Amino acid sequence: MTMNQEYNDKTSFNRICPECGVGNPEDADSCIVCDKDLSETLLFFEDDFYDIELTSELLIEYRKNFYRTRRTGKDKKYFIAEIKDIKFGHPIKRFSFKYKGKKEVYALKEDNYNSLKELFKKIGIIYELEVE
1 MTMNQEYNDK TSFNRICPEC GVGNPEDADS CIVCDKDLSE TLLFFEDDFY DIELTSELLI
61 EYRKNFYRTR RTGKDKKYFI AEIKDIKFGH PIKRFSFKYK GKKEVYALKE DNYNSLKELF
121 KKIGIIYELE VE
C-alpha cells in the first residue's frame, strides 16, 4: 500500500460545507474550497427540498429547485432566540415552529428529523418534545 492509498483510506470527506456543498475532511476547521468557518456549524444536512444548517445563533434553510438537484440561491435565516413553539410531528416527520408570529413547517427525512430533534435536546433548545 502506498502512502497516498493509506491517506485516502483513512480520510473521509463527509463534512459537507453548508456554503458551497463541497466535502471536507471530518476534522477540517474551514472549507477547503470557499474557506467558510466550519467550526460554527453544529448540524448540517441535505434534505429533499432544502438543506438545513444549524449554528449556535441561527437556523438556516437553503432552498433547492423544483427538481431538487441544486440550490436556488434563496435562503431563510431564523435566529434561534426568536424561535417559539417548537414541535416535532408524528407519525409524519416534520418540524414546525413560530417565528415572528408566522408558523414555519419543514417535512424532513427520518434521519435528518432525528438528528435535529436530538441536537435540540442536547443543547437545551427544547427540554420536552411537543408532538403535533
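Letter 14 of the sequence shown, counting from 1, is numbered 14 in full-length UniProt numbering, and no numbers are missing. Here a beta-carbon is modelled for each residue, glycine too, at the ideal position from N, C-alpha and C. Treat the numbers as computed from the prediction; the structure is a model and nothing was measured.
Asked	Found
Nearest-angstrom Cβ-Cβ length linking D85 and F95, presumed shorter than 8 Å	At roughly 12 Å, the Cβ-Cβ gap does not stay under 8 Å, so D85 and F95 are not in contact.
Terminal residues of the alpha helix (DSSP H) in which E118 lies	110-122
Residue interval of the beta strand (DSSP E) (run including A107)	102-107
Chain-order list of residues whose beta-carbon lies under 8 Å from that of P18 (same chain, five-residue window excluded)	K36, T41, F44, D51, E53, I60, Y62
Chain-order list of residues whose beta-carbon lies under 7 Å from that of F79 (same chain, five-residue window excluded)	E57, L58
Proximity to I106 [Cα-Cα], best of K87, N24, F120, K121	Looking at the sequence shown, residue 106 is not Ile but Tyr. When each option's Cα is compared against that of Y106, the closest is K87.
Secondary structure of S12, DSSP reduced to three states	coil
Reference D27; option with closest CA among C34, S12, V33	S12
Residue environment, N14, which counts as buried when at least 16 other CB atoms sit within 10 Å	exposed
Rounded C-alpha distance that separates E82 from K122	19 Å
Span of the beta strand (DSSP E) around I32	First-last for I32: undefined, no H or E at that position.
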